[in-house]
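Residue numbering for the sequence shown follows our numbering, beginning at 932 and increasing consecutively.
The C-beta atom is built at its ideal place from N, Cα and C for all residues, glycine as well.
Note that the structure is a prediction, hence the values are computed from the model and not measured.
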Amino acid sequence: MNRKQGKCLMQKNLGSLQSNGEQRRMSNPFGRHAGLFAGCVASRTRRTTQGIRRNNLNAGLVSCIFINMEPKTRHPLLNWTRTELWFFFIFFFLFHFVQDIQYLNHPDIFPQNRNTVLYSFIGDLYTVIPYALYYKLLTPLLLRKKIVRFTLLLILGIFAFDWYNRLMDWCVANASFLPDQVRGFGARGLKDLRIFGRQSVLLTLQRLLCVTALAYWKQSRDQQDHLNYLRQEQLRLQLDNLKAQLQPHFFFNTLNNIYSLAVKNSAATAGTIAQLSDLMRYVLNHTSDKLVSLKGETGFLGNYIALERIRHRDPEQVRFHVQGNTEGLMIPPLLFLPFVENAFKHGLETGTDSFAEILVIYADGQLTLHVKNSYGSSPDLTGYKGGLGISNARQRLELIYPAQHEISISDSNGIFSVTLNIQLRPE
């Protein structure tokens, strides 16, 4: 049932309840209370719907304003992550610098001096630029499977890279502030007319492969980050949908209880309506929250159980206890309600020796809900195990506590028992 269908069905039931209350207004004073309550709830529902529409409109206007104010995306050549910058610094500068220093310390094996180290460092400075252009401009074509365009641009880039090296050698050869030996290295490079005469083919391929591997790694990480984001959004939407399903489901059952009291001319009808008002206030104010205090949630359960006690002749049939220090504990709103609700709906029978026992315990980082109830000779346990409320609760637990909860259900000797354990720490 989606939210729109649930609202229509709820308004239909409220309208029916209001009509029945009007018919009994003269002969039944409690029917007057029921009709008045139905009218108030229907009015509150209309006001809530109008408020939601206004909020959606305001949210849309704000979204449009901020979308138009978003800064323009920077050019890919200017968009560098910290990981990419560290990679190019370590791979093109730090490794070669350490290698040159090592060669410098063994002049008997490697004919190196300070001038050769300086020329190598200058070469690293201007060599990194073509590889950065390759990384930002050509690897995206490879990642998008545009092989032909990538190959043509790569071949063109190889020739451009060779002429770029010649230009840099000319700049070094004519830089008067450099030592004569360093300028001589540049002049010697200008005389070599071979393609890749000044650059090792193996070293170039090695660098291209490493830069390409960086591009593939970054694409994989970005895809994983995007997938995680989509999973979080899916989780949020699923939780919102589950909570939206739970609200009408809860109100339908509670309204049926009050309707049965009104039909019986019960003196508790007015007080019951006041208690339901408190429950509605809690649901309307807190079900949109991601987490609520366990103390507030157990207080809500206490009010709900107090409503259920009115339906039964012997209040001792229903027992509810909370044990342990619940301060600082947070849980999703209305998480326990389906288990408690089903104990009354499917188990507790009026006029018999049946019972329902609800126990909430917190000890040693574990929160336990234990619900035990009796049932009749021919119980309908299908709804208990797979109804909307229980199915909703199971899905929410799987989404919020995927590896931190355990549900056990037992059925023996006319007693149905559900135990929910959640690993929980104070926040």
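(message) For a minimum of 4 consecutive residues, which ranges assigned as the alpha helix (DSSP H) are wholly contained in the segment 1216–1241?
(response) 1225–1241
(message) Tell me the rounded alpha-carbon separation between Y1066 and A1146.
(response) 7 angstroms
(request) To the nearest angstrom, report how far apart Y1050 and V1142 are at their CA atoms. (result) 23 angstroms
(message) Suppose contacts are defined by Cβ-Cβ distances below 7 angstroms. Is H1301 in contact with T1350 by that definition?
(response) yes
(request) Pick helix, strand or coil for T1257, following the three-state DSSP scheme. (result) coil
(request) Hey, could you find the ends of the alpha helix (DSSP H) Q1100 is sitting in? (result) A small correction: the amino acid at residue 1100 is Asp; Gln does not occupy that position in the sequence shown. That run of the alpha helix (DSSP H) goes I1078 to A1104.
(message) Applying the 10 Å Cβ sphere with the 16-neighbour rule, what's the burial state of Q1112?
(response) exposed
(request) Check whether the Cβ atoms of L1192 and T1200 sit closer than 7 angstroms, and answer yes or no. (result) yes
(request) Just the C-alpha distance for I1089 and L1083, rounded to the nearest angstrom, thanks. (result) 10 angstroms
(message) Between the alpha carbons of F1275 and A1205, how many angstroms are there, rounded?
(response) 21 angstroms
(message) What does the alpha-carbon distance come out to for the pair S1107 and R1114?
(response) 8 angstroms
(request) Please determine, among S1219, E1247 and M1211, the residue with the shortest C-alpha to C-alpha distance to L1232. (result) M1211
(request) State the DSSP-derived secondary structure class of T1012, mapped to helix, strand or coil. (result) coil
(message) Taking a contact to mean a Cβ-Cβ separation below 7 angstroms, would you say G1255 touches Y1293 in this structure?
(response) yes
(message) What would DSSP say about Y1057, mapped onto helix, strand or coil?
(response) helix
(request) Give the DSSP-derived three-state secondary structure of R1356 in the structure shown. (result) coil
(message) Rounded to the nearest angstrom, what separates I1289 and K1195 at their Cα positions?
(response) 27 angstroms
(request) Assign R1152 to one of three DSSP states: helix, strand, or coil. (result) helix
(request) Using the DSSP secondary-structure output, state which residues sit across from F1347 in a beta bridge. (result) N1304 and D1342
(message) For the ligand SAH, is there any heavy atom lying closer than 6 angstroms to the beta carbon of L1074?
(response) In the structure on display, the ligand SAH does not appear, and there are no ligands present to speak of.
(message) Let's see if you can read the secondary structure: which residues bound the beta strand (DSSP E) around E1288?
(response) A1287 to A1294
(message) Under 8 angstroms, with one C-beta from each stretch per pair, do the segment 1021–1033 and the segment 1090–1109 reach the 3-pair mark?
(response) no
(message) In this structure, how does DSSP classify F1116 when only helix, strand and coil are distinguished?
(response) helix
(request) Just mark S1305 as buried or exposed, buried being the case when its beta carbon has 16 or more other beta carbons within 10 Å. (result) buried
(request) Report the option in N1234, I1241, T1014 and N1172 whose CA atom is closest to the CA atom of Y1190. (result) I1241
(message) Helix, strand or coil, according to DSSP, for Q1137 in the structure here?
(response) helix
(request) For V1079, count neighbouring Cβ atoms within 10 angstroms of its own Cβ and tell me buried if that reaches 16, exposed if not. (result) exposed
(request) Mind checking which residues open and close the alpha helix (DSSP H) that includes N1273? (result) L1268 to N1273
(request) Whole angstroms is fine: what's the gap from A1118's alpha carbon to N1105's? (result) 8 angstroms
(request) For G1345, count neighbouring C-beta atoms within 10 Å of its own C-beta (all shown protein chains included) and say buried if the count is 16 or more, exposed if not. (result) exposed
(request) State the DSSP-derived secondary structure class of Q1297, mapped to helix, strand or coil. (result) strand
(request) Identify, in the order they occur along the chain, each residue of the same chain with its Cβ nearer than 6 angstroms to the Cβ of L1225, setting aside the five sequence neighbours on each side. (result) T1257, L1260 and I1262
(request) Buried or exposed for R1327, please, with buried defined as at least 16 other CB atoms from any protein chain shown within 10 angstroms of its CB. (result) buried
(request) Taking T1058 and F1023 to be in contact with their CB atoms under 8 angstroms, please state how far apart those CB atoms are, rounded to whole angstroms. (result) 7 angstroms
(request) Enumerate in chain order the residues of its own chain whose CB-to-CB distance from F1019 is below 7 angstroms, with the five nearest sequence positions on each side excluded. (result) V1059 and A1063
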